[in-house]
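Visitor:
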Amino acid sequence: VEFKGGRSYTVAFPQAVKNDAVRDDLKTAFEGDFPIIKTVGDNKHLNITTSYKKGVDNADSLVQTKLYQGLQKVLPGISYTEFAKNNILSSQTVQPTISEDLKNGAIKATLFAMLIIFLYIFARFRDWRYSVGTIVALLHDVFVTLIVFSFFKDIVPFPLEIDQHFIAAVLTVIGFSMNDTVIVFDRIREYSREAKKGDTKSSIINRAINDTLSRTIMTSLTVFLTILILFIFGGEVTRGFAFAMLIGVITGTYSSIFVASPILVDLGKEKALTAPITPVVTDNAVTVK
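Going by the working numbering, the sequence shown opens with residue 41, and the numbers climb by one from there.
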């Protein structure tokens with residue numbers, strides 16, 4: 041709702057209520073819009089957020105009526121007047137103009153992170169190809185995460201919203217993927233300095249990937265299992281964040297190998313990754329180093 045606009049309500053109940061007990065009824069009341077339901081404090085208070093009738097003027101009363109209809113099973117015998125007066129503790133409306141500002145801020149934060157990463161990689165490796173390879177891999181991770189996240193939005197039995205939690209997950213994925221890519225690139229640079237005459241860029245990169253592959257898999261598997269536990273036991277609030285992270289860890293693992301590294305092969309073929317080979321003339325022979 042932070043990016044689309046909508047309404048958020050904090051509702052009190054006379055008894056403990058589970059999120060799953062009201063989700064389907066609210067979805068029906070909101071004409072298919074999937075509400076975000078969070079427990080506030082004890083199980084007698086829920087925060088319900090919906091994008092139903094977003095941006096429609098003078099729709100507050102209609103949305104509140106739909107909210108009341110969707111909660112009828114857990115509020116038996118309570119009239120709409122009593123519900124509006126006693127059960128709705130607070131309500132908040134996010135206008136589309138505000139959500140547009142949040143959306144622009146999220147895009148700027150992501151682009152700024154990409155720029156800083158490009159400059160950092162360039163300063164570290166002194167080669168623009170490393171920076172380009174890193175950025176292409178990170179863009180791949182972001183877009184794949186966004187596509188998969190959007191694809192499963194209406195399939196999974198829990199809400200997936202592109203909100204501030206999702207942006208936090210994307211930025212975390214960017215950091216994780218970049219770290220993985222830097223490990224591979226460091227090994228490529230090390231082997232490039234030790235390269236012998238006749239070594240090709242492809243052979244150097246392949247050797248570097250093979251030597252870092254076990255480390256990459258073990259690190260990614262550890263992170264994946266940790267996030268999987270968060271996804272299963274973390275509750276409704278963190279489930280969307282954890283789901284985006286699970287996607288990002290998978291894409292970040294293979295992008296550093298199958299996206300970032302091939303960029304070094306495809307770009308700048310006229311410039312070798314190996315150190316230049318210079319002949320050294322001595323008194324008795326000519327050696328190469």
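Just so it is clear, CB atoms sit at the ideal spot from N, CA and C, and this is done for glycine as well.
Predicted, not measured: the structure shown is a model, and the values here were computed from it.
If we count Cβ pairs, one from each stretch, closer than 8 Å, do we get three or more for the stretch 167-181 versus the stretch 219-230?
Guide: At 8 Å Cβ cutoff, the stretches touch.
Visitor: With 16 other CB atoms within 10 Å as the buried threshold, where does residue 167 fall?
Guide: Buried: at least 16 other Cβ atoms inside 10 Å.
Visitor: Going by DSSP, which residues form a beta bridge with residue 49?
Guide: 88, 131
Visitor: Restricting to Cα atoms, I'd like to know which of 277, 160, 213 is closest to residue 294.
Guide: 213
Visitor: Hey, how far is the Cα of residue 228 from the Cα of residue 158?
Guide: Taking the straight line from one Cα to the other gives about 18 Å.
Visitor: Entirely within the stretch 189-245 and at least 4 residues each: give me those alpha helix (DSSP H) ranges in chain order.
Guide: 204-233
Visitor: If we ignore side chains and look at the alpha-carbon of each, how far apart do residue 125 and residue 156 end up?
Guide: 51 Å
Visitor: Which runs of the beta strand (DSSP E), 3 residues or longer, sit entirely within the stretch 134-188?
Guide: none
Visitor: Roughly how many angstroms lie between the CA atoms of residue 56 and residue 84, to the nearest whole one?
Guide: 5 Å
Visitor: How would you write the range of the alpha helix (DSSP H) that residue 303 sits in, first residue to last?
Guide: 301-306
Visitor: Given a threshold of 16 other Cβ atoms within 10 Å of its Cβ, counted over all protein chains shown, does residue 255 qualify as buried or as exposed?
Guide: exposed
Visitor: Between residue 70 and residue 278, what straight-line distance do the alpha-carbon atoms span, to the nearest angstrom?
Guide: 23 Å
Visitor: Could you compute how far the alpha carbon of residue 268 sits from the alpha carbon of residue 304?
Guide: 33 Å
Visitor: Return the CA-CA distance between residue 111 and residue 68, expressed in angstroms with no decimal places.
Guide: 11 Å
Visitor: Please classify residue 94: does DSSP put it in a helix, a strand, or coil?
Guide: coil
Visitor: Return the residue from the list 80, 210, 53, 253 that minimises the CA-CA distance to residue 147.
Guide: 210
Visitor: Looking only at C-alpha atoms, which of 192, 66, 165 sits nearest to residue 75?
Guide: Comparing Cα positions, the closest option is 66.
Visitor: List the endpoints of the continuous beta strand (DSSP E) containing residue 58.
Guide: Unbroken run through residue 58: none, as it is neither H nor E.
Visitor: Which residues mark the beginning and the end of the alpha helix (DSSP H) in which residue 106 is found?
Guide: 100-110
Visitor: Grouping DSSP H, G and I as helix and E and B as strand, with all else coil, what is residue 118?
Guide: coil
Visitor: Note down the Cα distance separating residue 264 from residue 273, rounded to an integer number of angstroms.
Guide: 14 Å
Visitor: On a Cα-Cα basis, can you pick out the residue from 241, 170, 104 that is closest to residue 129?
Guide: 104
Visitor: Our contact map puts residue 260 next to residue 289 with C-beta atoms below 8 Å; I'd like the distance itself, whole angstroms only.
Guide: Right, their Cβ atoms sit about 6 Å apart.
Visitor: On the DSSP bridge assignment, give the partners of residue 78 in chain order.
Guide: 87
Visitor: What separation, rounded to the nearest whole angstrom, lies between the Cα atoms of residue 116 and residue 197?
Guide: 26 Å
Visitor: Given a cut-off of 7 Å, decide if residue 92 and residue 64 are closer than it, judged by their beta-carbon atoms.
Guide: no
Visitor: Does the distance from the C-beta atom of residue 188 to that of residue 287 stay below 7 Å?
Guide: yes
Visitor: Output yes or no for whether 7 Å exceeds the beta carbon distance between residue 172 and residue 46.
Guide: No Cβ-Cβ contact shorter than 7 Å links residue 172 with residue 46.
Visitor: Secondary structure at residue 274, three-state DSSP: helix, strand or coil?
Guide: coil
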